[in-house]
Amino acid sequence: MPNNIKQQIQADLQQAKETGQLRTDRIREIVKSAVSQVGSEFKQGSTELRSLVRDAVSAVIENFQEKGSELKDEVTASIEGALEGINSKRHESIAQTQIDIKRLQAQLDGEEEELQQEIDVILAEIEDTGKQEPATTKTAIDSAVNAIKDSEEVGLLKKRYAQLQAQLAIVRANLAARYGGRSMEVQDYLDEAKHWYDKARPQAESMAVQVEQKRSQLEDQLGEAGTSLARKERQIKQTLRQLLLTAADLFKEKQPADKERDTIHK
67 MPNNIKQQIQ ADLQQAKETG QLRTDRIREI VKSAVSQVGS EFKQGSTELR SLVRDAVSAV
127 IENFQEKGSE LKDEVTASIE GALEGINSKR HESIAQTQID IKRLQAQLDG EEEELQQEID
187 VILAEIEDTG KQEPATTKTA IDSAVNAIKD SEEVGLLKKR YAQLQAQLAI VRANLAARYG
247 GRSMEVQDYL DEAKHWYDKA RPQAESMAVQ VEQKRSQLED QLGEAGTSLA RKERQIKQTL
307 RQLLLTAADL FKEKQPADKE RDTIHK
């Protein structure tokens with residue numbers, strides 16, 4: 067079939083045209099199906115595979131060449147379909163790796179929680195020991211323990227880490243949607259983004275109005291992305307792109323506590 071992929075695609079396009087189904091999403095599916103079938107015979111990144119993609123895109127161009135400069139949507143659909151076709155197996159591997167990462171992350175979270183609990187017990191014991199000391203000494207011990215418990219630097223690091231993980235999950239969702247990831251894979255990344263976003267979110271009463279509005283916008287777009295994905299709309303790519311831009315804009319915003327600290331340092 068490698069030598070006949072152009073004929074196969076053109077035949078499928080002609081059949082779709084005759085049944086009135088020749089839309090861009092159908093073009094993408096036709097190219098994806100043809101490339102994925104033939105592409106399995108070649109090694110990832112090989113010259114043969116790149117040639118296969120060129121032939122697939124060329125088949126669509128030849129079929130719509132009468133449209134001249136107006137065939138951009140068809141060419142875009144053919145390129146997307148070809149990329150999805152050659153990357154289908156690779157995305158299966160990526161999805162499995164993501165499962166392994168989540169398992170390790172859950173293990174890491176559990177170990178960190180255990181560590182925090184152990185530290186809390188130690189600090190509580192130090193506080194109990196301080197009760198037997200003179201009032202001035204007890205005050206100093208309590209102050210030191212509370213300073214460690216309420217470490218602003220630790221809280222800020224945790225928040226920034228969660229923000230970074232949320233943004234990375236949205237980036238991965240964009241990449242998966244653009245280059246052939248399955249719906250479930252994209253949804254997993256969106257769920258991961260929500261998880262980290264919730265961890266990064268401070269209490270509402272401490273937020274400035276402008277920041278709260280942007281957070282509300284991000285929540286709405288996360289929900290919209292999931293809805294678009296469920297309907298398998300092409301709009302999902304634009305929605306995810308806007309989601310990424312919103313997240314980037316939101317997470318670069320300084321919270322009131324950050325601004326206050328900067329002012330103090332100045």
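Per my numbering, the sequence shown starts with residue 67, numbered consecutively.
Note that the Cβ used here is the ideal one computed from N, Cα and C, for glycine as well.
Non-local beta-carbon contacts of GLY147 in its own chain, meaning distances under 6 Å to residues more than five positions away in sequence, involve ARG94, VAL97 and LYS98 in chain order.
In the DSSP assignment, GLN103 falls within the alpha helix (DSSP H) that extends over 90 to 105.
Just measuring C-alpha positions, the residue of SER102, ASN129 and GLU128 sitting nearest ARG116 is SER102.
Residues ILE236, VAL237 and ASN240 of the same chain have their beta carbon placed closer than 7 Å to that of LEU310, with the five preceding and five following residues left out of the count. For ARG267, no alpha helix (DSSP H) run applies, since DSSP gives it neither H nor E. Its chain contains LYS72, ILE75 and GLN76 as the residues whose beta carbon lies nearer than 6 Å to that of ALA125, once the 5 sequence neighbours on both sides are disregarded; these appear in chain order.
Taking the C-beta atoms as reference points, TYR263 is found no nearer than 8 Å to ALA213.
Excluding sequence positions up to five before and after ILE192, its CB lies within less than 7 Å of the CB of ILE207 and VAL211, all in the same chain and listed in chain order.
Taking a C-beta distance under 8 Å as the contact criterion, ALA100 and ALA82 do not qualify as a contact pair. If you draw a straight line from the Cα of GLN183 to the Cα of GLN198, it is about 24 Å long.
In the structure shown, GLN76 falls within a helical segment according to DSSP collapsed to helix, strand and coil.
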